[in-house]
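This report concerns only the one structure given below.
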Amino acid sequence: AHLVYGAADLLLVPSLWEPCGLTQMIALRYGAVPVVRRTGGLADTVFDLDGPEPPHNTPEAEQQMQQQQYGSGSNGTTGNGNHCNDQPSATAAISRRNGFTFDGADEGSLYGALDRALSLYGRDPERWRQVVSNNMRQDVSWSRSAGRYLALYRSLIPWY
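Counting along the sequence shown from 1, when you hit position 55 you're at 55 in full-length UniProt numbering, and nothing is skipped either side.
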(Lines of atoms letter the chains of each structure in order from A and count residues from 1; the text may use other names and numbers.)
(Lines give C-alpha, C1' and ligand atoms only; values in the text may rest on other atoms or scores of the structure.)
Protein backbone atom coordinates (compact mmCIF):
# COMPACT_ATOMS: atom_id res chain seq x y z
CA ALA A 1 0.00 0.00 0.00
CA HIS A 2 2.86 2.39 0.77
CA LEU A 3 4.18 2.01 -2.77
CA VAL A 4 0.79 3.06 -4.13
CA TYR A 5 0.70 6.16 -1.91
CA GLY A 6 4.28 7.00 -2.84
CA ALA A 7 3.57 6.72 -6.57
CA ALA A 8 0.28 8.65 -6.52
CA ASP A 9 -0.01 12.32 -7.41
CA LEU A 10 -3.45 12.59 -5.82
CA LEU A 11 -5.80 10.50 -3.74
CA LEU A 12 -9.55 10.47 -4.34
CA VAL A 13 -11.72 9.78 -1.24
CA PRO A 14 -15.43 10.33 -2.09
CA SER A 15 -16.74 8.89 1.21
CA LEU A 16 -20.36 9.55 2.18
CA TRP A 17 -19.22 9.45 5.83
CA GLU A 18 -15.80 9.06 7.37
CA PRO A 19 -15.47 8.97 11.16
CA CYS A 20 -11.68 9.25 11.21
CA GLY A 21 -9.89 9.10 7.91
CA LEU A 22 -6.33 7.88 8.11
CA THR A 23 -6.13 7.43 4.34
CA GLN A 24 -5.77 11.13 3.58
CA MET A 25 -3.20 11.61 6.36
CA ILE A 26 -1.06 8.81 4.93
CA ALA A 27 -1.45 10.41 1.49
CA LEU A 28 -0.28 13.77 2.89
CA ARG A 29 2.87 12.15 4.28
CA TYR A 30 3.65 10.51 0.92
CA GLY A 31 2.89 13.60 -1.18
CA ALA A 32 -0.39 12.54 -2.77
CA VAL A 33 -2.74 15.55 -2.75
CA PRO A 34 -6.14 14.52 -1.32
CA VAL A 35 -9.41 15.16 -3.17
CA VAL A 36 -12.13 14.37 -0.63
CA ARG A 37 -15.81 14.79 0.14
CA ARG A 38 -15.98 17.18 3.11
CA THR A 39 -17.31 14.94 5.87
CA GLY A 40 -16.17 13.67 9.29
CA GLY A 41 -12.43 13.28 9.73
CA LEU A 42 -11.84 14.28 6.11
CA ALA A 43 -13.33 17.72 6.83
CA ASP A 44 -11.08 18.02 9.89
CA THR A 45 -7.85 17.35 8.00
CA VAL A 46 -8.23 18.38 4.33
CA PHE A 47 -8.59 22.09 3.59
CA ASP A 48 -9.49 23.25 0.09
CA LEU A 49 -6.77 25.10 -1.78
CA ASP A 50 -9.43 27.37 -3.28
CA GLY A 51 -11.28 27.88 0.03
CA PRO A 52 -12.44 31.40 0.94
CA GLU A 53 -11.65 31.17 4.66
CA PRO A 54 -8.63 29.85 6.58
CA PRO A 55 -8.87 26.33 7.97
CA HIS A 56 -10.80 26.29 11.26
CA ASN A 57 -8.37 24.25 13.33
CA THR A 58 -5.13 26.08 12.65
CA PRO A 59 -2.95 27.12 15.58
CA GLU A 60 -3.91 30.73 14.78
CA ALA A 61 -7.62 29.96 15.08
CA GLU A 62 -7.04 28.09 18.34
CA GLN A 63 -4.94 30.97 19.69
CA GLN A 64 -7.63 33.53 18.80
CA MET A 65 -10.28 31.38 20.48
CA GLN A 66 -8.18 31.07 23.63
CA GLN A 67 -7.51 34.80 23.75
CA GLN A 68 -11.22 35.53 23.41
CA GLN A 69 -12.02 32.99 26.10
CA TYR A 70 -9.21 33.70 28.62
CA GLY A 71 -7.67 37.03 27.64
CA SER A 72 -4.03 37.66 26.90
CA GLY A 73 -1.55 36.75 29.62
CA SER A 74 1.27 39.10 30.61
CA ASN A 75 3.89 36.34 30.49
CA GLY A 76 3.78 35.68 26.73
CA THR A 77 0.98 33.18 27.02
CA THR A 78 -2.66 33.26 26.05
CA GLY A 79 -3.67 33.43 29.70
CA ASN A 80 -4.02 29.69 30.21
CA GLY A 81 -0.34 28.77 30.02
CA ASN A 82 -0.11 28.07 26.27
CA HIS A 83 2.87 29.88 24.74
CA CYS A 84 2.11 32.01 21.69
CA ASN A 85 5.69 32.42 20.53
CA ASP A 86 5.97 28.98 18.95
CA GLN A 87 2.79 29.34 16.89
CA PRO A 88 3.15 29.60 13.09
CA SER A 89 2.54 32.94 11.38
CA ALA A 90 -0.75 33.88 9.73
CA THR A 91 0.66 32.81 6.38
CA ALA A 92 1.00 29.29 7.76
CA ALA A 93 -2.79 28.99 7.65
CA ILE A 94 -2.63 29.34 3.88
CA SER A 95 0.06 26.65 3.64
CA ARG A 96 -2.27 24.34 5.59
CA ARG A 97 -4.59 24.34 2.57
CA ASN A 98 -3.63 20.89 1.46
CA GLY A 99 -6.11 19.46 -1.03
CA PHE A 100 -9.46 19.75 -2.73
CA THR A 101 -12.86 19.20 -1.16
CA PHE A 102 -16.45 18.94 -2.32
CA ASP A 103 -19.76 18.83 -0.46
CA GLY A 104 -22.28 17.03 -2.66
CA ALA A 105 -22.80 13.30 -2.92
CA ASP A 106 -23.24 13.46 -6.70
CA GLU A 107 -20.83 12.91 -9.55
CA GLY A 108 -20.92 16.59 -10.56
CA SER A 109 -19.51 17.63 -7.17
CA LEU A 110 -16.81 14.97 -7.34
CA TYR A 111 -15.88 15.88 -10.91
CA GLY A 112 -15.76 19.58 -9.99
CA ALA A 113 -13.13 19.00 -7.30
CA LEU A 114 -11.23 16.53 -9.46
CA ASP A 115 -11.22 18.99 -12.37
CA ARG A 116 -9.81 21.72 -10.10
CA ALA A 117 -7.06 19.38 -8.90
CA LEU A 118 -6.11 18.20 -12.39
CA SER A 119 -6.23 21.77 -13.69
CA LEU A 120 -3.73 22.92 -11.05
CA TYR A 121 -1.54 19.89 -11.73
CA GLY A 122 -1.37 20.68 -15.44
CA ARG A 123 -1.54 24.50 -15.37
CA ASP A 124 0.80 25.35 -12.48
CA PRO A 125 3.31 22.56 -11.77
CA GLU A 126 5.38 24.81 -9.48
CA ARG A 127 2.41 25.51 -7.20
CA TRP A 128 1.52 21.80 -7.25
CA ARG A 129 5.06 20.95 -6.10
CA GLN A 130 4.77 23.55 -3.33
CA VAL A 131 1.48 22.01 -2.13
CA VAL A 132 3.05 18.53 -2.17
CA SER A 133 6.11 19.81 -0.30
CA ASN A 134 3.97 21.58 2.33
CA ASN A 135 1.80 18.49 2.73
CA MET A 136 4.78 16.22 3.28
CA ARG A 137 6.06 18.55 6.03
CA GLN A 138 2.76 18.60 7.93
CA ASP A 139 2.86 16.91 11.30
CA VAL A 140 -0.02 14.44 11.20
CA SER A 141 1.41 12.36 14.04
CA TRP A 142 -0.07 12.04 17.51
CA SER A 143 2.84 13.92 19.13
CA ARG A 144 1.16 17.32 19.30
CA SER A 145 -2.30 15.98 20.18
CA ALA A 146 -0.87 13.64 22.81
CA GLY A 147 1.00 16.55 24.39
CA ARG A 148 -2.20 18.56 24.59
CA TYR A 149 -4.09 15.67 26.18
CA LEU A 150 -1.30 15.21 28.69
CA ALA A 151 -1.35 18.93 29.56
CA LEU A 152 -5.13 18.79 29.99
CA TYR A 153 -4.94 15.74 32.25
CA ARG A 154 -2.17 17.34 34.32
CA SER A 155 -4.24 20.52 34.70
CA LEU A 156 -7.06 18.45 36.17
CA ILE A 157 -4.85 16.93 38.85
CA PRO A 158 -4.23 19.70 41.43
CA TRP A 159 -1.21 18.08 43.08
CA TYR A 160 0.68 17.32 39.83
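Where is the CB? At the ideal position from N, CA and C, for every residue including glycine.
What you are looking at is a predicted structure, and each value in this text was computed from that prediction instead of being measured.
In the DSSP assignment, V35 falls within the beta strand (DSSP E) that extends over 33-37. Around the beta carbon of V4, a 10 Å sphere encloses fewer than 16 other beta carbons of the protein chains shown; the residue is thus reported as exposed.
Closest by C-alpha distance to A32, out of P14, G99, L152, T45, is G99. With respect to the C-alpha of P34, the residue from D44, L10, T45 having the closest C-alpha is L10. For R38 and C20, the gap between their C-alpha atoms comes out near 12 angstroms.
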